[in-house]
Structures are given as structure tokens and as C-alpha cells.
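Q: Everything in the sequence shown is counted per full-length UniProt numbering, starting at 1 for the first residue and increasing by one.
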Amino acid sequence: LQKKIEQQFTTYVMNFKELEDNLINKRLGEMESRLMARLEQLSSRIESDFDQKLGKAKRESGDGQSSLSNEISDLASAIANQRNEFDMVSCRFNALIVVSYRSLCQIFSFN
């Protein structure tokens with residue numbers, strides 16, 4: 001009877017872990033989708049700003065080339081910052097998965 005109880009408990013824990021993994025993966029997929037959508041929105045906004053500033057720079061006389069170079073540099077920095085922010089968020093979520101998994105393993109004495 002004791003062995004059967006242990007087997008049932010082990011089965012329950014494994015099913016629970018699988019359910020948790022599926023839920024975590026689903027939530028991470030949803031978060032990643034939202035982050036990618038946000039990144040796409042920001043990229044579109046940056047491209048739009050770039051197009052507007054490019055048109056403005058073409059209309060300006062004299063130092064238009066220098067102004068355009070500065071704007072391109074600013075936009076490139078903004079894009080790099082957004083990509084870095086996305087990478088940091090992605091790393092945090094991956095770390096959260098690892099911590100959650102380790103916590104579950106400790107709770108249920110798995111390794």
C-alpha cells in the first residue's frame with residue numbers, strides 16, 4: 001500500500017510539473033508575443049519618425065546632411081536600446097523559469 005501511495009504521489013507530482021511547465025510555456029509565449037508586437041510598434045514608429053525627419057532634412061538647406069547624419073545616429077541608438085531592453089526582459093523570463101523549476105524540484109524533492 002505504501003509503495004502504491006508513493007507511486008501515485010510521484011505520478012501526481014510529475015503531472016503537476018508537466019502542467020506547470022505547459023502553463024509557464026504558454027504564459028511565456030503570450031508575453032513574448034506581446035513584447036514582439038510592442039517591438040514592432042516601436043520599430044514602425046521609429047521608421048515613421050525617420051521618414052519624417054528625412055523629408056524635413058531634405059527640405060532644409062545648408063547643414064541638411066549633418067542633421068540627417070545626427071538623426072540617423074539617434075534612431076540607430078533608439079533601435080539598439082529597444083533591442084537591448086527586449087533581450088533583458090527575455091533573460092529575466094528565462095531566469096524566472098529556472099528559479100520556478102528549481103523551487104518545484106526542492107518542494108517535491110526532485111533533482
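Glycine included, each C-beta is placed from N, C-alpha and C at the ideal position.
Whole-angstrom Cβ separation of Phe86 and Leu28, contact assumed at under 8 Å?
A: About 14 Å; that fails the 8 Å criterion.
Q: Take Leu42 and list the residues in its own chain whose beta-carbon comes closer than 7 Å to its own, dropping the five residues that flank it on each side.
A: Counting only Cβ-Cβ distances below 7 Å, and skipping sequence neighbours, we find Gln82.
Q: State whether the region 42-51 contacts the region 67-80, with contact taken as three or more CB pairs (one from each stretch) at a distance under 8 Å.
A: Touching, yes.
Q: Just to confirm, does Arg102 get its C-beta within under 7 Å of one of the non-hydrogen atoms of the ligand ZN?
A: What this structure holds is no ligand at all, so the ligand ZN is not there to describe.
Q: From the DSSP output, in three-state form, read off Leu42 for me.
A: Reduced to three states, the DSSP call for Leu42 is helix.
Q: Give the single residue among Ser67, Arg38, Asn15 and Leu39 whose Cα lies nearest to the Cα of Gln52.
A: Nearest of Ser67, Arg38, Asn15 and Leu39 to Gln52, Cα basis: Ser67.
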